[in-house]
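Here's the structure we're looking at; comments come further down.
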Amino acid sequence: MSSFPFDPRAWLPGRTYDVAGKVVLITGAGQGIGLELATLLHARGARVVVTDVDAIAARTTASVLGSPAYPIGADVTDREQMDMAVTEAVRHFGRLDVVVANAGVTPVPATIRTMDPADFDRVLAVNLTGVFNTVHPALDQIVASGGHVVVVSSCAAFAPGMGGSPYMVSKAAVEQFGRALRVELAASGASAGVAYFGIVETAMTHDMLDADDLGRRLDGMLPWPLSVRITAADAARTIADGIARRAPRTIAPAGWEPYALLRGVVNLVLDSRLAASSSVHELVRAIETRTAADRSRKTRA
Numbered sequence: 008m009s010s011f012p013f014d015p016r017a018w019l020p021g022r023t024y025d026v027a028g029k030v031v032l033i034t035g036a037g038q039g040i041g042l043e044l045a046t047l048l049h050a051r052g053a054r055v056v057v058t059d060v061d062a063i064a065a066r067t068t069a070s071v072l073g074s075p076a077y078p079i080g081a082d083v084t085d086r087e088q089m090d091m092a093v094t095e096a097v098r099h100f101g102r103l104d105v106v107v108a109n110a111g112v113t114p115v116p117a118t119i120r121t122m123d124p125a126d127f128d129r130v131l132a133v134n135l136t137g138v139f140n141t142v143h144p145a146l147d148q149i150v151a152s153g154g155h156v157v158v159v160s161s162c163a164a165f166a167p168g169m170g171g172s173p174y175m176v177s178k179a180a181v182e183q184f185g186r187a188l189r190v191e192l193a194a195s196g197a198s199a200g201v202a203y204f205g206i207v208e209t210a211m212t213h214d215m216l217d218a219d220d221l222g223r224r225l226d227g228m229l230p231w232p233l234s235v236r237i238t239a240a241d242a243a244r245t246i247a248d249g250i251a252r253r254a255p256r257t258i259a260p261a262g263w264e265p266y267a268l269l270r271g272v273v274n275l276v277l278d279s280r281l282a283a284s285s286s287v288h289e290l291v292r293a294i295e296t297r298t299a300a301d302r303s304r305k306t307r308a
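With positions in the sequence shown counted from 1, the corresponding number in my numbering is that position plus 7.
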């Protein structure tokens, strides 16, 4: 009998996990990273449950992939819908081996002082509570199969959050959720990992950074290599390869790795410099001016 309170085999290096024949549920799989991941894991032999709030997008993706992909329309913010989604996936395939909590949204750019509280609630509901709603009902199946869970956090979890704090808050919380989950699942031989990404070329990123004047200014403040972008396919490959080795964490692009490892020291210096930066002050004032103007237009309407 081991003296450890968990199965030490869950922590040994070199544990591999072949997704061929496994049932994998992915949220936000109708577009972006989720779509690319569903396509990649399907090509590797997985039976993919394509889950998305847009039921039409889920059905389209599953149709393009072909059997054994299975579509489910479900909103991650609705606990009952996600319970039903997991139940339906198990009913259809007879089991569930892997869950990837990928669905996420970004906030309307605003400072904490000027943001609409409803936008804060919306981002936390999808990005944080949605992860819990996705993972929690699946855990009995994951434990029974000795499977794997991936929660998608972000490098935003440890980056400065001015102008978009709800997103950073949600992703930092997801990181802690994933860390706790990994330790808890180790007792059963199952595993969990956290995926971190910098800037990924998705429609959400383009709306937030490229199609928005203030977003472009914020993007321009990122130094190399933090400004390097990756494609949704690159991000999906990072997750898929992480599942294959039961990785506790994956991060891409690689330029974020030193920051992630040294964040405690880096952020002390960075926060001080940002707080003293006239360029950041100007950007914050511009964000608050636009937020006030948008609120005024809505009031008149």
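A virtual CB, placed ideally from N, CA and C, is assigned to each residue, including glycine.
Contact between A166 and L47 fails: their C-beta atoms lie close to 27 Å from each other, not under 8 Å. With three or more CB-CB distances shorter than 8 Å, the region 97 to 107 counts as touching the region 147 to 161. Secondary structure note for R22: it is in no alpha helix (DSSP H), with a DSSP letter that is neither H nor E. Secondary structure note for T257: its beta strand (DSSP E) is the uninterrupted segment R256 to A259. Shown here, R236 sits in a strand according to DSSP, grouped into three states. Ranked by Cα distance from G262, the options L221, I79, P78 and Y203 are led by Y203. Under the DSSP assignment, A108 falls in the beta strand (DSSP E) whose first and last residues are V105 to A108.
Minimum Cα-Cα distance from V133 among the listed residues M169, D85 and T245 corresponds to D85. Annotation: V207 is outside any alpha helix (DSSP H); the continuous beta strand (DSSP E) that includes it extends over I206 to E208. Secondary structure at D61: coil, using DSSP grouped into helix, strand and coil. When DSSP states are grouped into helix, strand and coil, P78 belongs to the strand group. Under the DSSP assignment, T34 falls outside any alpha helix (DSSP H), being part of the beta strand (DSSP E) whose first and last residues are V30 to T34.
For H155, the enclosing beta strand (DSSP E) begins and ends at H155 to V159. For V112, the closest alpha carbon among the candidates A92, V272 and S177 is that of S177.
Just so you know, the alpha carbons of S286 and D220 end up roughly 15 Å apart. Going by DSSP, T136 is part of no alpha helix (DSSP H) at all; its letter is neither H nor E. In the structure shown, the three-state DSSP call for V115 is coil.
Distance from the Cα of R51 is smallest, within the candidate group Q88, Y24 and T34, for Y24. In this structure, the alpha-carbon of A45 lies about 26 Å from that of S195. Between the C-alpha atoms of R307 and A300 there is a straight-line separation of about 11 Å.
Residue environment analysis places A27 among the exposed positions, since fewer than 16 neighbouring C-beta atoms fall within 10 angstroms of its C-beta. By DSSP's assignment, S177 forms no beta bridge with any residue. Judged by their CB atoms, G41 and N140 are not nearer to each other than the 7 Å cut-off. Across the structure, V31 and Q183 are spaced so that their CA atoms are roughly 23 Å apart.
A Cβ-Cβ distance of about 7 Å is found for the pair V57 and Y77, placing them in contact under the 8 Å criterion. Under the DSSP assignment, S303 falls in the alpha helix (DSSP H) whose first and last residues are S285 to R307. With a 10 Å radius around the Cβ and a threshold of 16 neighbouring Cβ atoms, G73 comes out exposed. In this structure, the CA atom of P114 is about 20 Å from the CA atom of E289. In summary, P265 is exposed, with fewer than 16 beta-carbon neighbours lying within 10 Å of its beta-carbon over all protein chains present. Cα atoms of S234 and D126: separation of roughly 26 Å, rounded to the nearest angstrom. Per the coordinates, the alpha-carbon of R186 lies some 7 Å from the alpha-carbon of G200. Taking 7 Å as the cut-off, the beta carbon of I237 is found no closer than this to the beta carbon of V276.
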